[in-house]
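A.B. asks:
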Amino acid sequence: MLMMVVKRMLIAVPSLIGVVIVTFLLTRALPGDPAAYFAGPAATNEAIEQIRVNLGLDKPLYVQFIRYVGDLARGDLGNSLTTGQPVGHEIKTRLPASAELTLLGLMVSMAIAVPLGILAATRPNSIIDHVCRVVSTAGVSLPVFFTGLILIYVFYYLLGWAPAPLGRLDVFFSPPPHVTGFYLVDSLIAGDGEVFFASLKQLVLPALTLGIFSLAPIARMTRASMLAVLASDFVRTARASGLTPFTVIVTYAFRNAMLPVVTTLGMVFSFLLGANVLVEKVFAWPGIGSFAVEALIASDFAPLQGFVLTMAVMYVALNLLIDVLYGLIDPRVRIEA
Amino acid sequence: MSNIALPNEASDQRGNSFKVRAQSASEDARQRADDTRPQPGSSARAMLRHARYILGENAVTGFAFALFLAIVLAALAGPYLVPYDPLASDTAAALKAPSAAHWFGTDQLGRDVFSRVVVATRLDFFIAVASVALVFLMGGLAGVAAGFFGGWTDRVVGRIADTIMAFPLFVLAMGIVAALGNTVQNVVLATAIVNFPLYARIARAEANVRREAGFVQAARLSGNGELRILLAQILPNIMPIMVVQMSLTMGYAILNAAGLSFIGLGVRPPTAEWGIMVAEGAAFMVSGEWWIAFFPGAALMVAVFCFNLLGDGLRDIVDPQRRT
Chain A
1 MLMMVVKRML
11 IAVPSLIGVV
21 IVTFLLTRAL
31 PGDPAAYFAG
41 PAATNEAIEQ
51 IRVNLGLDKP
61 LYVQFIRYVG
71 DLARGDLGNS
81 LTTGQPVGHE
91 IKTRLPASAE
101 LTLLGLMVSM
111 AIAVPLGILA
121 ATRPNSIIDH
131 VCRVVSTAGV
141 SLPVFFTGLI
151 LIYVFYYLLG
161 WAPAPLGRLD
171 VFFSPPPHVT
181 GFYLVDSLIA
191 GDGEVFFASL
201 KQLVLPALTL
211 GIFSLAPIAR
221 MTRASMLAVL
231 ASDFVRTARA
241 SGLTPFTVIV
251 TYAFRNAMLP
261 VVTTLGMVFS
271 FLLGANVLVE
281 KVFAWPGIGS
291 FAVEALIASD
301 FAPLQGFVLT
311 MAVMYVALNL
321 LIDVLYGLID
331 PRVRIEA
Chain B
1001 MSNIALPNEA
1011 SDQRGNSFKV
1021 RAQSASEDAR
1031 QRADDTRPQP
1041 GSSARAMLRH
1051 ARYILGENAV
1061 TGFAFALFLA
1071 IVLAALAGPY
1081 LVPYDPLASD
1091 TAAALKAPSA
1101 AHWFGTDQLG
1111 RDVFSRVVVA
1121 TRLDFFIAVA
1131 SVALVFLMGG
1141 LAGVAAGFFG
1151 GWTDRVVGRI
1161 ADTIMAFPLF
1171 VLAMGIVAAL
1181 GNTVQNVVLA
1191 TAIVNFPLYA
1201 RIARAEANVR
1211 REAGFVQAAR
1221 LSGNGELRIL
1231 LAQILPNIMP
1241 IMVVQMSLTM
1251 GYAILNAAGL
1261 SFIGLGVRPP
1271 TAEWGIMVAE
1281 GAAFMVSGEW
1291 WIAFFPGAAL
1301 MVAVFCFNLL
1311 GDGLRDIVDP
1321 QRRT
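Printed below as a string of structure tokens:
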């Protein structure tokens, strides 16, 4: 098992190297002269030259790359042009907000998609099967920012059930003491039920938006793999032995059908992390996505670089985690490795 | 001399190289779709009959096709059909709810939302078509070459695809547009780049199974060069599957581009584009003026839904085994 994890981690190394190279090239691809860009429109030629030397832009490309990797190794992602703050610090403080939202979004989409897929597979061509197909096609067709706005209109403006879509916590509450950065977890640790429900209320709509967008691949895959498993010999044997349909489906078929679903989680995370940016903008969520969008509007490049790099590293790590999880669920993978 | 192909033998061997499929009808469809050679005589009539058969068989695909025609019409003739100038503001009529005069209402500057939604079709459709065509050229050709030649071509293409796949796709697209410059061309390019791995992989797999197929060997025997075989034999044969893929990714391309312009990349105001119109209307959603963001968002949704249905329908026809 340990061998498999190590082996899989080694496979992730080229991906990480590729990610670092691409982010480096994106910085160098800035339109025009980066030094003039960083110096601002009013700078003199000497000032631009000075910045060029300061940034190391007068050195050959490979030297710049080594310097860039060195900075990264020390966790230095550069400074924001507009605030002057180190980007690494800003991303670190904002990351829990995004992570909390994304994880809850994943939970919502699993909670809807998996039962829907199973029900559709156990009753092919029934109404629920058609519902599953329509929901999964509609889910990918709905622009995620549009879903969010509709939910805001219905649940905030019309019904008044949801709080104003302005961040993680209503202004009347103060955030719980920092332990994990997840407000839900921190408020429970602090034993503050009021803050817990207040932050849950803020989370429901954005998490639902993310969930609706990402449930399609999970629902489709659950249905397809459940259909295949239900047609297999061991399920027929279990049925013939007189087990109840519930036992057959839940304890026999479900575990086996989940394997391909775990594999599609990689794609689901690609969806979730990308959609996260849009959802954060719609709900004024103070995560790293809205940080990147603000930087984008101000033409501030270092935060955007840091954001792209953080997202990519997280995505590689998540894919690694999914593979390890797969090995835990399916012993056969371990033996092959 | 390389032109002396062996048409009969080639097509016979190609027929044999396919696995025997359960449904003869779908086999038929595949054969027909695969046959790129114009048939003598009644080719136009046969194609029409085939199209009618497809549309009759699957009502949903027929519906999607009708919707597709409507979108194309709006893209081509939109500016001539709309009742108002999409850019003309009229502050006296600002923020009016949908009415007989303004079907979709007016926005904060008094511009007619209906006119803007219809006119925007051209730009959104153009972005989708251009990026899909571009990724077909880049990814399709690279993938075919990788699958056909193998060796270092395969390794290089595979490495590029893996690197792109290491990013969450929308995030990479954001980074590319921000780095290369905030223009519509770069949105098209970024959308094409993030779809590259998908096209390269499919084209590679399809080319790989055909590299030693009978009709390829026949072409080789009659003296065709490898590059010529690649372009004249392999590429036409994998076209049906690539076309399905293009139809399926059209929806994603529009979503991607609209998402980028929603966060302020690519298209700039006051240009009419669905994503940017939703962004402009977003602030009015909390105060109850739902129509500004709703109609462009709905147009976007309908377009994506249409492309997805069309893609699914085409896939069922061309490649029935992959149906889910």
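Protein chains in written order, with our numbering: chain A, 1 to 337; chain B, 1001 to 1324.
Yeah, the Cβ is synthetic: ideal placement off N, Cα and C, and Gly gets one too.
(1) Taking a Cβ distance cut-off of 8 Å, strictly less, list which residues of the segment 133-165 of chain A are near chain B, in chain order.
(2) Is the closest heavy atom of the ligand PLP to the C-beta of L142 of chain A under 6 Å?
(3) Can you say whether V1194 of chain B is buried or exposed, counting buried as having 16 or more other CB atoms within 10 angstroms of its CB?
(4) At the level of alpha carbons, what is the spacing between P176 of chain A and I91 of chain A?
(5) What residue does the alpha helix (DSSP H) around L119 of chain A start on, and which one ends it?
(6) How is T23 of chain A classed by DSSP in three states: helix, strand or coil?
(7) Please classify L1309 of chain B: is it buried, with 16 or more other beta-carbons within 10 angstroms of its beta-carbon, or exposed?
(8) Apply the 10 Å Cβ neighbour rule to E280 of chain A and answer buried if 16 or more other Cβ atoms are within range, or exposed otherwise.
(9) Pick out whichever of B:T1091, B:M1250, B:P1168 and B:V1119 has its Cα sitting closest to the Cα of Y1080 of chain B.
(10) Helix, strand or coil for D1112 of chain B, going by three-state DSSP, please let me know.
(11) Pull up the distance between the alpha-carbon of L273 of chain A and that of V313 of chain A, whole angstroms please.
(12) Can you list, in chain order, the residues of its chain with a C-beta nearer than 8 Å to that of D330 of chain A? Leave out the 5 residues immediately preceding and following it.
(13) Let's test the definition: count the other Cβ atoms within 10 Å of the Cβ of D1034 of chain B and tell me whether it reaches 16, buried, or not, exposed.
(14) Candidates A:V144, A:V20 and A:V229: which alpha carbon is nearest F65 of chain A's?
(15) Kindly confirm or deny that the segment 1167-1180 of chain B and the segment 1110-1119 of chain B touch, where touching means at least three C-beta pairs closer than 8 Å.
(16) Can you tell me whether T310 of chain A is helix, strand or coil according to DSSP?
(17) Give the straight-line distance between the Cα atoms of G1139 of chain B and S225 of chain A, rounded to the nearest whole angstrom.
(18) When DSSP builds the beta bridges, which residues end up paired with T1106 of chain B?
(19) What separation, rounded to the nearest whole angstrom, lies between the Cα atoms of L2 of chain A and L328 of chain A?
(20) Please report how far the alpha carbon of L1073 of chain B lies from the alpha carbon of W1103 of chain B, in whole angstroms.
(21) Going by other Cβ atoms of all chains shown within 10 Å of its Cβ, with 16 needed for buried, is L1137 of chain B buried or exposed?
(22) Taking any Cβ of chain A, which residues in the segment 1264-1282 of chain B have a Cβ under 9 Å from it, in chain order?
(23) Do I1263 of chain B and V293 of chain A have their beta-carbon atoms positioned less than 7 Å apart in this structure?
(24) Output yes if chain A places a C-beta closer than 7 Å to the C-beta of V1184 of chain B; else output no.
(25) Are the beta-carbon atoms of S136 of chain A and A190 of chain A separated by less than 7 Å?
(26) When you compare the CB positions of G1105 of chain B and W1274 of chain B, do they come within less than 7 Å of one another, or not?
(27) Output the boundary residues of the alpha helix (DSSP H) element that contains M1138 of chain B.
(28) Measuring CB to CB, does P303 of chain A end up less than 7 Å from V87 of chain A?
(29) Per DSSP, what are the beta-bridge partners of N1224 of chain B in this structure?
(30) If we count the other Cβ atoms within 10 Å of its Cβ and call it buried at 16 or more, is G18 of chain A buried or exposed?
(31) If the cut is a Cβ gap below 8 Å, which residues of chain A does T1163 of chain B touch?
(32) N1326 of chain B versus chain A: which residues are under 7 Å apart at the beta carbon?
(33) From which residue to which residue does the alpha helix (DSSP H) around Y68 of chain A run?
(34) When you check each C-beta in the segment 1232-1263 of chain B against every C-beta of chain A, which residues fall closer than 7 Å?
(35) Would you kindly report the start and end of the unbroken alpha helix (DSSP H) that includes S174 of chain A?
(36) What do you get for M98 of chain A, buried or exposed, if any count of 16 or more other CB atoms within 10 angstroms of its CB means buried?
C.D. replies: Based on what the coordinates show:
(1) T137, A138, V140, S141, L142, P143, V144, F145, F146, L149, I150, I152, Y153, Y156, Y157, A164 and P165
(2) Absence of the ligand PLP is noted for the structure shown, with no ligands found whatsoever.
(3) buried
(4) 20 Å
(5) V87 to T122
(6) helix
(7) buried
(8) buried
(9) B:V1119
(10) strand
(11) 12 Å
(12) L259
(13) Only weak support is given to the placement of D1034 of chain B: the predicted model assigns it a pLDDT of 47, under 50, and the question is left unresolved by the model.
(14) A:V20
(15) no
(16) helix
(17) 29 Å
(18) B:D1112
(19) 11 Å
(20) 19 Å
(21) exposed
(22) G1264, L1265, W1274, G1275, V1278, A1279, G1281 and A1282
(23) yes
(24) no
(25) no
(26) no
(27) Taken as a continuous stretch (DSSP letters only), M1138 of chain B belongs to no alpha helix (DSSP H), as it is neither H nor E.
(28) yes
(29) BP columns for N1224 of chain B are empty, so no partner.
(30) buried
(31) S15, G18, V19, I21 and V22
(32) This structure leaves residue 1326 of chain B out entirely; chain B is present only between 1001 and 1324.
(33) L61 to A73
(34) G1251, L1255, A1258, G1259, F1262 and I1263
(35) Run containing S174 of chain A: none; DSSP gives neither H nor E here.
(36) The question names Met, but residue 98 of chain A is Ser in the sequence shown. Buried is the call here.
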